[in-house]
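Asker: At the far end of the sequence shown sits residue 163, using the working numbering, and the numbering has no gaps.
Yeah, the Cβ is synthetic: ideal placement off N, Cα and C, and Gly gets one too.
Keep in mind the model is a prediction, meaning the values are calculated, not measured.
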Amino acid sequence: MITLRLATENNALLIVDFMYKLGEFQKMSASITVTPENMKKLLKNKDGEAVLAYDDDKPVAFAYFCQHSSAFIGQTCMYIDAFYINENYRKKGIGKQIMKYLAQICQERGYARMEWLCLDWNTNAWDFYSHLGSTAYENMTLHRLYGDNLKKLQKK
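(1) Rank Q33, N18 and Y27 by C-alpha distance to the C-alpha of T130 and give the top, closest one.
(2) If the criterion is Cβ atoms closer than 7 Å, does the pair A70 and I87 meet it?
(3) Under DSSP, the beta strand (DSSP E) around F72 begins and ends at which residues?
(4) Flag this pair as yes or no: are the beta carbons of L13 and V58 separated by less than 7 Å?
(5) On a CA-only basis, which of C125, A132 and K159 is nearest E145? Give me that one, please.
(6) Less than 7 Å separating the beta-carbons of K51 and Y91?
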C-alpha cells in the first residue's frame, strides 16, 4: 500500500537522492548541484516543499513543489519543479495519486492552478499529463539566466 507524506527538513537527504535519480533519468545529471544542506534550508524556510510516496517504509517516489504567483491571473499557484517515481513503481497509479494529493493541497491553499515543465522527448510523461487533463503550451520555451551569465547581466 502506498502512503503519501509531506516531507520535513529531516527528509532533505532523501529528496537529494531522488533529485540525482531524476537528473540521471532526464540525462541532466551535471545540472544537479543541490546538497542536503541546501535542501534542508529550502524545506525549513518553506521556500519549497515535497511529497514523498512510500511502499510500506520504502520511499518510492517524490514531487518537489513551491508556491508562485501569476501576474496573468493575479493569483497564487503551485509550481512542480521535480517529479520522479522509481522505475519499478511506474504505471501503478502512484503518479496519479501524487498529482491528486497536490491538487488537494492547491484547493486547500486557494491556489488557482498547478504548473510544471516536461521534457519534449518524455512521451510517457506527456501521455500521463494529457490523460490527467493538463494543457501543454507548445509555443513557449523556458529561458534561464544563471551562474556567470547572471553575474554578467548585472554588470551590463
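Answerer: Taking the coordinates as given:
(1) Q33
(2) yes
(3) K65 to S77
(4) yes
(5) C125
(6) no
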